[in-house]
Amino acid sequence: MTSLLEPGATTGPRTGRPRRRRVGAGGRRGVPLPLLLPGLLALAFLLLPLLALLVRAPWRSLPEQLSSTEVWQALQLSLVSATAATAVSLVLGVPLAWLLARTEFPGRGLVRALVTLPLVLPPVVGGVALLLALGRNGVIGRWLDAWFGITLPFTTAGVVLAEAFVAMPFLVISVEGTLRAADPRYEEAAATLGASRFTAFRRVTLPLIAPGIAAGAVLAWARALGEFGATITFAGNFPGRTQTMPLAVYLALQNDPDAAIALSLVLLTVSIAVLAALRDRWMTTS
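The working numbering puts the sequence shown at residues 15 to 300.
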C-alpha cells in the first residue's frame with residue numbers, strides 16, 4: 015500500500031496514528047534569516063530604551079529622590095485619580111459594553127467606532143475637546159457653572175474626567191469581547207424562570223464576565239495612571255491639585271533629570287505589575 019503519511023511523519027507504536035517529527039530551530043523549519051534580523055532589531059528597539067532607563071537610574075540617590083514631598087503628592091494624586099477614573103469607567107462603561115454586545119439598534123457600528131475613537135485620538139486633542147465641552151465657556155460647562163457653580167477644568171475632578179475619557183474605551187472593549195464570548199442561553203434560561211433582564215444581568219451575566227471586567231479595569235487603571243496629554247490640557251499642571259506622575263516627570267526632566275528618571279522607574283514598575291497581572295489571561299498560548 016502507498017503510505018498516506020506526510021513526509022517526515024511516522025506511525026505511533028500502538029495507535030497507528032501519524033506522529034510528526036520535531037524539527038529543531040536549525041532544521042528545515044528554522045527561522046528564515048530575512049525574518050530573524052528584523053525581528054531581533056524590533057526587539058532591540060523596544061528593549062534598549064528601557065534598559066537605558068535602568069542603567070542610567072540614580073540608584074544611590076533613589077530613596078532620597080522618591081521621598082520628596084512633591085513626588086509623594088504626585089504619586090498620591092495619580093493613584094487616587096486613576097482609581098476614581100476606573101470607578102467612573104466601570105459605572106458607565108460596563109452598561110455601555112452590554113448595550114453594544116447584547117442589543118441591536120440602528121448605527122451600532124458607528125457607536126462602537128465612536129467609543130473606540132479615544133484610543134487613536136491624540137490625547138491633546140481629547141483635552142481640547144473636553145475643554146470645549148466642559149470648560150467654563152463650553153457647550154455643557156457654561157450651564158454647569160451658571161446653574162450649579164461647578165467648574166471642572168484645572169481641578170482634581172478635571173484630572174479624573176480626563177483620565178476616564180482616555181481609559182474607558184479599554185474597559186468597554188474588554189467587557190464587550192467577554193460578553194460576546196459568554197453564552198447568552200444562561201440569561202435566556204434565567205428569563206424563562208421569571209427573572210427580569212436586569213436581574214439576569216446582575217445575578218447571571220456579571221459573574222460570568224467578572225474576569226473580563228477585572229482585566230478591563232486593570233487596563234483602564236494603568237492607562238489612566240499614565241495619562242499626560244489630555245490631563246495637562248484640560249486640568250493643567252498644579253502641584254498638589256492636578257500634577258500627576260507623568261506631569262511630574264515632564265516637569266522634573268527640565269530641571270532635575272535624576273528625579274525624572276526616578277519617577278519614570280515608578281511608572282515602569284507599575285506597568286510591569288499590570289502586565290504580570292494580565293499575563294495569564296491574554297499572554298498565554300493555547
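The beta carbon of each residue, even a glycine, is placed where N, CA and C say it ideally should be.
- At the C-beta level, residue 67 and residue 278 come within 7 angstroms of one another.
- Counting only runs that start and end inside the stretch 69 to 116, there is no beta strand (DSSP E) element of at least 3 residues.
- For the 7 angstroms CB-CB criterion, residue 247 and residue 173 do not form a contact.
- In this structure, residue 274 and residue 263 form a Cβ contact; the two beta carbons are roughly 5 angstroms apart against a cut-off of 8 angstroms.
- Contact between residue 209 and residue 217 is confirmed by a C-beta separation of about 7 angstroms, below the 8 angstroms threshold.
- Ranking 196, 61, 55, 267 by CA distance to the CA of residue 219 puts 196 first.
- Beyond the five residues adjoining it in sequence on each side, residue 194 comes within less than 6 angstroms, by CB distance, of 115 in the same chain, given in chain order.
- If only complete runs of 4 or more residues are kept, the stretch 150 to 223 shows the alpha helix (DSSP H) at 170 to 195, 199 to 206, 211 to 214, in order along the chain.
- Bounds of any alpha helix (DSSP H) do not take in residue 249, whose DSSP letter is neither H nor E.
- A residue is called buried when at least 16 other Cβ atoms come within 10 angstroms of its Cβ; residue 245 meets this threshold and is buried.
- Here residue 235 is buried. Its C-beta has 16 or more other C-beta atoms within 10 Å.
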